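Structure first, commentary second.
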Amino acid sequence: MSEYIVEMKNITKRFPGIVANSDVSISIKKGEIFALLGENGAGKSTLMSMLFGMYEPDEGEIYIRGEKVQITSPNKATELNIGMVHQHFKLVSNYTITENIIMGTEPVKKILGIPVVDIKRANEEVAELSKKYGLDVNPTDVISDIPVSTQQRVEILKMLYREAEILIFDEPTAVLTPQEINSLLDIIRGLRDGGKTIILITHKLDEIKQVADRCAILNRGKLIDILDVKDTPTKTMANLMVGREVSFTVDKSPANFGEEVLKVQNVTVINQNKLKLVEDASFTIHKGEIFAIAGVSGNGQVEIADAIAGTIPISSGNIYLKGKDITKESIKNRVESGIAYIPEDRHNCGLIMDFSLAEDLILKKHHKHPYSDKKGFLNASEISNHANLLIEREDIRSGQGEKTIVRSMSGGNQQKAIIAREIELNADLIIFVQPTRGLDIGAIENIRKKIIAERDAGKAILLISLELDEIMNCADTIAVIYNGKIQNIAPTHTLSVNEVGEYMMGVGHNE
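Here the sequence shown stands for residues 0 to 510, numbered as in numbering that gives the first Met the number 0.
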């Protein structure tokens, strides 16, 4: 019998205009954590989607436990004890945790001869399973009421409930805070120690170094190498993944502040439940300044960005752009006044997912010359030229170029498209919320360089990030927020990582 639980031999998969995987062969041992490493769009998720039965390979063979198999659907993968946690969760938001976990495999009992779902038994089984694997959840909680990290636990429990032995995680930490990431990595180690085989799709090198035994590196659909993680320096992995020398530090000249661009004065944001999400926030941002807001997820930093962009109302206070009060202005007027916005939620706020790439890249300029005429008719050739220029310049990878439907692109390339569009607006204020979330190391390096280049071109930058190293590397000024209140504002060079961390936890030096 083969020593490998999974063997994928000479796998090729083509989509219109792109070869997603080209003659890829990997073999995975039972009970190991095997990482798939590569840039956004390198073919990692496509390869694993074939193992989970969402696609079938055009060429090549798959062996599970030494036997050749045809995995024609996720149901077939489940029969083979293969489970997958997708980057974007597949949960029904108004169902409970248990209802999501048992869907399709519901335990049944008979009442007066009529079969009904035994929800009491199911709740008990889910509670027992969650305790066994250290994935504590309350089975009766509704999905819409629980945080992202708990939703991810539900996805893992769905696999375990179906007795999955081979667990595929697709970018599992992309939407988690640093604290939640550490917790998830502990869970993954525990699953491995319990005899499960883990396949980790990621581009986060530090996480691979912490948990993986071996890693396969993909670049533009081709297998570059398979390496023992403990024997391979992080920098070597990064260079192989991107195909060039990668820098882990940001080169930045001293800031040269100009006139005030944004003034936020005593802004308070209250949600529909009358809870204060932001309380009495005040700060200013100047030309040539990167002003970052640091904080643990959910402390009001995203609401500040949304309030400035106009996507949520404020209860009190004022917002000024270049001296003009824009507190009550529409989103369109704020854009016209000089605000560009890269939102946290790229799917619901950043893109129209079923538009073509060309259409998404022109969203905030479609009504202007040369993209439309005085009667409002769109100029297709100019829109096409604009898209091709940005695709080439920003290395946005898409199977059918400007005609690609945005939904079909990788998350990282969707993010590149949003950032390209917003920077192209040439706005006085650019708001970046989680700009590098879900991106590979090469794309992260490029985006941080862009943020600094925009600062050097005299733009005012508001940066909101959960990545503390990103804030410490890029920002000129740091504001730390805790529980909706700004705790401290200071030049970056006067703060240590530990001091910022203390303020983030609400125990700053001013107390």
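Backbone N, C-alpha and C fix where the C-beta goes; we use that ideal spot for every residue, glycine too.
Owing to the predicted nature of the structure, the values given are computational and were not obtained by experimental measurement.
Among the options, nearest to residue i - alpha-carbon criterion
i: residue 74; options: 103, 59 and 61; result: 103
i: residue 8; options: 137, 165 and 22; result: 22
i: residue 212; options: 463, 198 and 202; result: 198
i: residue 432; options: 210, 254, 466 and 62; result: 466
i: residue 5; options: 137, 171, 195 and 113; result: 195
i: residue 389; options: 145, 419 and 86; result: 419
i: residue 122; options: 241, 101 and 110; result: 101
i: residue 369; options: 363, 158 and 377; result: 377
i: residue 175; options: 146, 163, 188 and 160; result: 146
i: residue 330; options: 314, 304, 322 and 494; result: 304
i: residue 284; options: 170, 401, 254 and 55; result: 254
i: residue 72; options: 92, 48, 171 and 59; result: 48
i: residue 10; options: 54, 2, 372 and 30; result: 54
i: residue 232; options: 248, 249 and 214; result: 214
i: residue 94; options: 244, 138, 248 and 322; result: 138
i: residue 85; options: 155, 112 and 403; result: 155
i: residue 296; options: 503, 27, 163 and 485; result: 503
i: residue 57; options: 30, 13 and 422; result: 13
i: residue 380; options: 223, 363, 172 and 358; result: 358
i: residue 353; options: 408, 142, 314 and 371; result: 408
i: residue 411; options: 43, 34, 249 and 31; result: 43
i: residue 458; options: 217, 328 and 321; result: 321
i: residue 334; options: 278, 429 and 249; result: 429
i: residue 160; options: 258, 473 and 83; result: 83
Residue i, DSSP secondary structure in three states
i: residue 509; result: Confidence is the limiting factor: at residue 509 the pLDDT is only 47, short of 50, which leaves the residue's position unreliable, though a coordinate-based value still follows. Residue state, collapsed to three classes: coil.
i: residue 364; result: coil
i: residue 59; result: strand
i: residue 170; result: coil
i: residue 587; result: This structure cannot settle anything about residue 587, because the visible part of the chain is limited to 0 through 510.
i: residue 178; result: helix
i: residue 503; result: helix
i: residue 183; result: helix
i: residue 252; result: coil
i: residue 13; result: strand
i: residue 188; result: helix
i: residue 468; result: helix
i: residue 279; result: strand
i: residue 369; result: coil
i: residue 321; result: coil
i: residue 590; result: Outside the displayed range of the chain (0 to 510) lies residue 590, so it cannot be described from this structure.
i: residue 73; result: helix
i: residue 491; result: helix
i: residue 103; result: coil
i: residue 339; result: strand
i: residue 395; result: coil
i: residue 203; result: coil
i: residue 498; result: helix
Residues bridged to residue i [DSSP beta-bridge criterion]
i: residue 33; result: 198 and 213
i: residue 79; result: None, per the DSSP bridge assignment.
i: residue 326; result: DSSP output for residue 326 lists no bridge partner at all.
i: residue 7; result: 25 and 61
i: residue 285; result: 259
i: residue 293; result: 479
i: residue 66; result: 63
i: residue 224; result: 216
i: residue 141; result: 95
i: residue 413; result: Residue 413 pairs with nothing; no bridge assigned.
i: residue 151; result: None; residue 151 has no bridge partner.
i: residue 432; result: 463
i: residue 377; result: 371
i: residue 315; result: 267
The ligand ZN heavy atom lying under 8 Å from the CB of residue i
i: residue 412; result: What this structure holds is no ligand at all, so the ligand ZN is not there to describe.
Rounded distance between the beta-carbons of residue j and residue i, thought under 8 Å
i: residue 468; j: residue 491; result: So it is not a contact: roughly 12 Å between Cβ atoms.
i: residue 289; j: residue 460; result: 4 Å
i: residue 165; j: residue 81; result: 5 Å
i: residue 470; j: residue 291; result: 4 Å
i: residue 260; j: residue 316; result: Actually they are not in contact, since the Cβ atoms of residue 260 and residue 316 sit about 18 Å apart, beyond 8 Å.
i: residue 282; j: residue 268; result: Not quite, the Cβ-Cβ distance comes to about 15 Å (not below 8 Å), so this is no contact.
i: residue 270; j: residue 482; result: That pair is no contact at about 14 Å.
i: residue 489; j: residue 477; result: 6 Å
i: residue 184; j: residue 170; result: In fact, because the Cβ distance is near 14 Å, the residues do not count as touching under 8 Å.
i: residue 391; j: residue 355; result: Contact flag wrong, Cβ pair sits at about 16 Å.
Using 8 Å as the Cβ pair cut-off and three pairs as the minimum, do the region 10–27 and the region 396–406 touch?
yes
Does the region 164–180 come into contact with the region 141–152, if we say contact requires no fewer than three beta-carbon pairs (one atom in each stretch) closer than 8 Å?
yes
Any 3 or more C-beta pairs closer than 8 Å across the region 341–356 and the region 406–419
yes
Between the region 31–42 and the region 437–449, do three or more beta carbon pairs fall short of 8 Å?
The region 437–449 and the region 31–42 touch, with three or more beta-carbon pairs separated by less than 8 Å.
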